[in-house]
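Q:
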Amino acid sequence: MNTAVEEEEPEPLHAYQVTPEDASFFRKMKGKWSYGNEIEAVTLPSGRVISGAEMKRWV
């Protein structure tokens with residue numbers, strides 16, 4: 007019996023899903039985010055979870 011829990015990969019974030027709080031967070035992190043695929047997930051101020059690679063794409 008396999009008891010390992012498989013976690014779902016966060017879905018890509020589309021522009022229409024970005025809240026004003028998320029946009030502000032992206033602006034603050036611009037040029038400061040040096041992580042990528044080594045970060046599994048990032049929780050945005052809106053509560054949405056995105057992958058580290060997706061975060062790098064937005065900043």
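Sequential numbering from 7 applies to the sequence shown in the numbering used here. Just so you know, even glycine gets a beta-carbon here, dropped at the ideal spot from N, CA and C.
First and last residue of the alpha helix (DSSP H) that includes Glu60?
A: Gly58 to Trp64
Q: What does a CB cutoff of less than 7 angstroms around Leu50 pick up in its chain, not counting 5 residues either side in sequence?
A: Taking C-beta separations shorter than 7 angstroms and ignoring five residues to either side along the sequence, the partners of Leu50 in its chain run Asp28, Phe31 and Ile56, following chain order.
Q: Nearest-angstrom Cα distance between Gln23 and Gly37?
A: 22 angstroms
Q: What residue range does the alpha helix (DSSP H) around Glu46 cover?
A: Glu46 -> no alpha helix (DSSP H), and no H or E assigned at all.
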